[in-house]
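Visitor: Questions regarding the structure given below will be posed in turn.
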Amino acid sequence: MKNLYTTFGLTFRTFISFIKELPGASLYAMRR
């Protein structure tokens, strides 16, 4: 059970990081 929770946490953190990076990346793409 703990392993599942750890995997979920890691995926969730990566997902949040991806969401945070997305706006900046799209803004950068629109600027060029």
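Numbering-wise (the working numbering), the sequence shown opens with residue 155 and increments by one.
Virtual Cβ for every residue (Gly too), placed ideally from N, Cα, C.
#1: What are the start and end residues of the alpha helix (DSSP H) that includes arginine 186?
#2: Between tyrosine 159 and the ligand FMN, is there a pair consisting of the residue's CB and a ligand heavy atom that are separated by less than 8 Å?
#3: Distance check for leucine 181 and lysine 174, CA to CA, integer angstroms please.
Guide: Taking the coordinates as given:
#1: That residue, arginine 186, is in no alpha helix (DSSP H); it is neither H nor E in DSSP.
#2: The model on display carries no ligand, and the ligand FMN is accordingly not part of it.
#3: Here the alpha carbon of lysine 174 sits roughly 12 Å from the alpha carbon of leucine 181.
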